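Worksheet: the structure to be examined is printed underneath.
Residue numbers (the working numbering): 9 to 453.
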């Protein structure tokens with residue numbers, strides 16, 4: 009009697025696999041023998057190495073439904089995990105299109121596939137009537153669109169996601185834990201529920217097992233959170249204990265937090281992804297309301313409390329370094345950008361005095377004026393490059409090269425400037441070191 013061969017594990021296509029959730033899910037599934045195709049707009053060097061040549065770099069959010077269908081079918085995926093999302097509108101895309109528009113194209117693509125496919129949508133918990141931000145409204149609209157479609161689907165609504173990697177809100181809590189500041193009382197007391205990122209991965213593994221067993225009748229929506237409700241301040245406390253953070257000495261006033269969010273919004277327009285933004289603050293003030301019992305009953309997965317999840321994270325010196333440097337990075341980049349732009353503007357404002365320095369060094373009047381103008385505009389350009397996320401690395405490298413050129417040129421043409429009472433050239437050395445440090449910590453993932 010011939011034994012029936014066990015069906016092969018379904019291939020899983022993970023969209024947004026460079027993000028906090030997507031990377032952890034793809035890696036967890038891959039380590040357990042599932043055939044995984046990680047897809048993202050861009051992967052970092054470590055992520056490419058982790059996925060061992062399987063990572064596929066595609067700007068999937070920009071693809072029409074027909075090309076999405078081809079991507080799904082060419083990958084041979086039976087399960088499609090959509091972990092793509094944006095907190096707030098920016099150069100990388102707006103919430104309306106990234107969440108709702110893309111979900112519509114994805115639904116159309118799955119319908120057009122020649123073989124059935126399970127769509128797993130990563131969304132957010134909470135009560136729909138309390139959705140006040142573009143982020144939450146578009147996430148909820150995408151849920152409704154998928155739920156109304158006649159195709160196998162599961163909506164996963166994780167709470168505040170805690171992962172070994174630090175990004176976004178989890179990176180911010182690590183940074184706050186290593187500072188002497190505490191959150192404003194009204195924010196610290198907001199209801200909160202955390203989610204172990206690997207509970208999301210285990211849930212997708214459970215769904216893959218059901219699919220492998222032949223089940224095709226999917227239409228669930230589950231909140232993936234810890235059972236007990238806590239608050240934001242308690243969550244910070246877990247990180248303080250894990251990282252050995254200092255005693256809370258000062259409570260941040262709300263006005264400073266709001267000002268930080270406004271600065272974060274501006275940084276977002278320049279392509280950066282700061283965790284402190286208006287949408288993040290609004291969502292934290294709203295709190296996290298969820299009911300994990302239907303998910304626990306359906307899957308048998310028992311979520312760990314937040315304190316256990318945080319306690320399982322590394323608390324070594326590299327984690328403490330990261331936590332201390334994370335907020336400083338948000339200070340270093342704008343300071344360097346302002347430094348370079350201000351240097352150029354000041355030189356233009358005092359054009360005659362700057363030109364005369366070169367004239368005294370033996371330059372002709374016309375040449376001195378041209379060099380002063382070009383160097384001033386070059387300083388402004390370097391500052392502009394540093395300010396924008398896409399060009400920041402180029403700007404920092406250019407700033408280092410220009411600084412070294414200025415120092416070498418001054419040593420030959422105007423050596424007396426090295427002995428200037430205010431030490432303008434001497435101060436260039438520390439600025440170079442600051443740019444090197446900024447290069448070293450520039451990566452987000």
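Quick reminder that beta carbons are idealized off the backbone N, C-alpha and C, glycines included.
This one's a predicted model, so the numbers in the text were calculated from it and none came from an experiment.
Query	Result
Those residues which DSSP pairs with residue 238 across a bridge	200
Distance CB(residue 141)-CB(residue 107) smaller than 7 Å	no
Residue 31 versus residue 176: straight-line alpha-carbon distance, rounded	14 Å
Cβ-based neighbour list, residue 210, same chain, cut-off 6 Å, excluding 5 preceding and 5 following	309
7 Å Cβ cutoff met for residue 456 and residue 157	Nothing can be reported for residue 456: it is not among the residues displayed for the chain, which extend from 9 to 453.
Outcome for residue 72 when other beta-carbon atoms lying within 10 angstroms are tallied against a minimum of 16	exposed
Beta-carbon gap between residue 298 and residue 233 smaller than 7 Å	yes
Opposing strand residues paired with residue 322 [DSSP bridges]	DSSP output for residue 322 lists no bridge partner at all.
Inter-residue Cα distance where the pair is residue 267 and residue 285	10 Å
The segment 163-173 / the segment 288-307 touching (three or more Cβ pairs under 8 Å)	yes
Uninterrupted alpha helix (DSSP H) stretches inside the segment 213-259 (no shorter than 4 residues)	240-251
Contacting residues, own chain, Cβ-Cβ under 7 Å from residue 40 (five flanking each side not counted)	213
Cα-Cα separation between residue 9 and residue 15, rounded to whole angstroms	Here the model assigns residue 9 a pLDDT of 43, short of 50, so the residue's position is not dependable, and the following value carries that caveat. Rounded to the nearest angstrom, the two C-alpha atoms are 18 Å apart.
Through-space distance from residue 398 to residue 334, alpha-carbon basis	19 Å
DSSP state of residue 10 mapped onto helix, strand, coil	The pLDDT assigned to residue 10 is 48, lower than 50, so where the model puts this residue is not dependable, and the model offers no usable value.
Cut-off 8 Å between Cβ atoms - residues of its own chain near residue 259, not counting five sequence neighbours on either side	189, 190, 191, 192 and 193
Validate contact between the segment 399-414 and the segment 362-378 using beta carbons, cut 8 Å, 3 pairs	no
Which listed residue (128, 400, 187 and 360) has its alpha carbon closest to that of residue 87	128
Cβ contact (3+ pairs, closer than 8 Å) linking the segment 384-397 and the segment 349-365	yes
Residue 151 versus residue 252 - alpha carbon distance	40 Å
Three-way DSSP call (helix, strand, coil) for residue 416 in this model	helix
Any chain B beta carbon closer than 7 Å to residue 320	No chain B appears in this structure, which consists of one protein chain only.
Residue burial classification, residue 219 (beta-carbon count within 10 angstroms, cutoff 16)	buried
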